[in-house]
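Everything below concerns the one structure shown next.
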Amino acid sequence: MMKIIIIGALPSSLINFRGKLLETFVSEDVEFVAMASNATKKEIEQIESLGVRYIDYPVQRNGLNPVNDFKTFKALRRVFKQEKPDVILSYTIKPVIWGGIAARFSCKANFFGLITGLGFAFQKGGLKRNLLTYLVKGLYRFALASSEGVIFQNPDNLNVFVENKIIPKKKTALVNGSGVDLSHFKQVALPVKPIFLLVARLLGEKGIREYADAARVVKEKYPEAVFQLVGPEDSSPDGIRLDEVNEWKKNGFIDYLGATSDVRPYFANCSVFVLPSYHEGMPRTVLEAMATGRPILTTNVAGCRETVINGQNGYLVAKQNVEQLAERMIWFIENQHKWQAMADKSRQMAIERFDVHKVNEQLLKIMGIKK
Numbered sequence: 004m005m006k007i008i009i010i011g012a013l014p015s016s017l018i019n020f021r022g023k024l025l026e027t028f029v030s031e032d033v034e035f036v037a038m039a040s041n042a043t044k045k046e047i048e049q050i051e052s053l054g055v056r057y058i059d060y061p062v063q064r065n066g067l068n069p070v071n072d073f074k075t076f077k078a079l080r081r082v083f084k085q086e087k088p089d090v091i092l093s094y095t096i097k098p099v100i101w102g103g104i105a106a107r108f109s110c111k112a113n114f115f116g117l118i119t120g121l122g123f124a125f126q127k128g129g130l131k132r133n134l135l136t137y138l139v140k141g142l143y144r145f146a147l148a149s150s151e152g153v154i155f156q157n158p159d160n161l162n163v164f165v166e167n168k169i170i171p172k173k174k175t176a177l178v179n180g181s182g183v184d185l186s187h188f189k190q191v192a193l194p195v196k197p198i199f200l201l202v203a204r205l206l207g208e209k210g211i212r213e214y215a216d217a218a219r220v221v222k223e224k225y226p227e228a229v230f231q232l233v234g235p236e237d238s239s240p241d242g243i244r245l246d247e248v249n250e251w252k253k254n255g256f257i258d259y260l261g262a263t264s265d266v267r268p269y270f271a272n273c274s275v276f277v278l279p280s281y282h283e284g285m286p287r288t289v290l291e292a293m294a295t296g297r298p299i300l301t302t303n304v305a306g307c308r309e310t311v312i313n314g315q316n317g318y319l320v321a322k323q324n325v326e327q328l329a330e331r332m333i334w335f336i337e338n339q340h341k342w343q344a345m346a347d348k349s350r351q352m353a354i355e356r357f358d359v360h361k362v363n364e365q366l367l368k369i370m371g372i373k374k
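Start counting the sequence shown at 4; every next residue gets the next number (the working numbering).
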């Protein structure tokens, strides 16, 4: 029987973002092992209830600490030697880099990296950020040199890897994000009030500050408009502190609703979903909002632009442009009669392009598990 290992960083992402993929692998009659870091007893039970064996390993998601990263490499190499997998699929930066390097030195498995976004390290900045970008590119290049293939969620990220000679184009493949479970995220009726919603980890590069600034502008003209924010804190260097978010809430232009394990009630309560992100692989929250039947307002950047046909299911605005964001929010408020057609188009696009079952079928074929 074929043995497959899938490696992420957060146990919750295995459940929430890869749960259907795990089920698909199990249904193919393969021995399947899932790996992540610091899983709770409940998370392990949830993962193993899918018919998957779970192994915990240490990984520090943010920053480059040579001691901690070497521990990650050693732990993965030890597991690979013991398990002797036929196929390894890693996603997010640290699992792809250290998983790829560990695979090179421990087993003969076909290694696949799934690039879910370029992340903080690839964004332009000062000397420190540029040095980090140079280092991360080098690590990716070494980790993926012996890979069987590298899978991307948007063509922009694919082109960055090819143009920077991290991998040759012949090794690349493209899928439509992580997909969305259309039976879990069903279309629901739009509310009457103008309620905008942003769901994201509290990171600057999710465009949360621009969202808050635009909300302040719009509420001067339309004080009845509601701007909701849902998401947990994040330990990244780019993280936004809760006291800053609470200050927005105190000033009355952002309604911060905290973190949640189920975003569906928040989607159901909003009329327009907003994600002013600086970069994405393929934004899962946007796909979920589309499946729920919501107009989308997002930025014209990698990953996000694949989710919107301008004027049909929503609008794209320039990155970090508060003025454009506010103007388009006002357009939505003043053109409520257009909401339903956009909502229906979003749902249609989710069905045609982003159905999780279609995406998982693509992955199985790329990895040679299914013909």
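Just so it is clear, CB atoms sit at the ideal spot from N, CA and C, and this is done for glycine as well.
Query: Roughly how far, in whole angstroms, is the beta-carbon of Val90 from the beta-carbon of Ala112, given that I think they are within contact range, below 8 Å?; Result: 6 Å
Query: Among Asn160, Gln315, Glu166 and Leu117, which has the Cα closest to the Cα of Ala146?; Result: Leu117
Query: Quick check on Pro14: buried or exposed, where buried means 16 or more other Cβ atoms within 10 Å of its Cβ?; Result: buried
Query: So what does Gly314 bridge to, in DSSP terms?; Result: Partner(s): none; Gly314 has no beta bridge.
Query: Use the C-beta contact count for Thr43: other C-beta atoms within 10 angstroms, 16 or more gives buried, fewer gives exposed.; Result: exposed
Query: Here's a check: name, in chain order, each residue in its chain whose Cβ is nearer than 6 Å to the Cβ of Leu142, leaving out the five neighbours to either side.; Result: Ile100
Query: With the cut-off set at 8 Å, would you say Leu300 and Val266 are in Cβ contact?; Result: no
Query: Only counting the same chain, and skipping five residues up and downstream in sequence, which positions put a Cβ closer than 7 Å to that of Leu161?; Result: Phe155, Thr175 and Leu177
Query: Whole angstroms is fine: what's the gap from Ile58's alpha carbon to Arg287's?; Result: 25 Å
Query: For Gly102, does the three-state DSSP call read helix, strand or coil?; Result: helix
Query: What is the DSSP secondary structure of Leu266, reduced to helix, strand or coil?; Result: The sequence shown places Val at residue 266, not Leu. DSSP places Val266 in coil when its eight states are reduced to three.
Query: With a cut-off of 8 Å on the beta carbons, I'd call Ser109 and Phe83 a contact; round off their distance for me.; Result: 4 Å
Query: Quick one: is Val183 buried, meaning 16 or more other Cβ sit within 10 Å of its Cβ, or exposed?; Result: buried
Query: At the level of alpha carbons, what is the spacing between Arg81 and Phe199?; Result: 48 Å
Query: Taking contact to mean 3 or more Cβ pairs, one atom from each stretch, closer than 8 Å, check whether the stretch 338-357 and the stretch 294-308 are in contact.; Result: yes
Query: Measure how close the beta-carbons of Gly120 and Gly284 come, nearest whole angstrom, since I'm counting them as under 8 Å.; Result: 3 Å
Query: So for Val220, helix, strand or coil by DSSP?; Result: helix
Query: Can you tell me where the alpha helix (DSSP H) holding Asp72 begins and where it ends?; Result: Pro69 to Glu86
Query: Report yes if the C-beta distance between Leu53 and Gly22 is below 8 Å; otherwise report no.; Result: yes
Query: Spell out a yes or no on whether the stretch 243-262 and the stretch 302-315 are touching, meaning 3 or more CB-CB pairs, one atom from each, closer than 8 Å.; Result: no
Query: Kindly indicate which three-state DSSP category Ser280 falls into: helix, strand or coil?; Result: coil
Query: By the three-class DSSP mapping on this structure, what secondary structure does Ser16 have?; Result: helix
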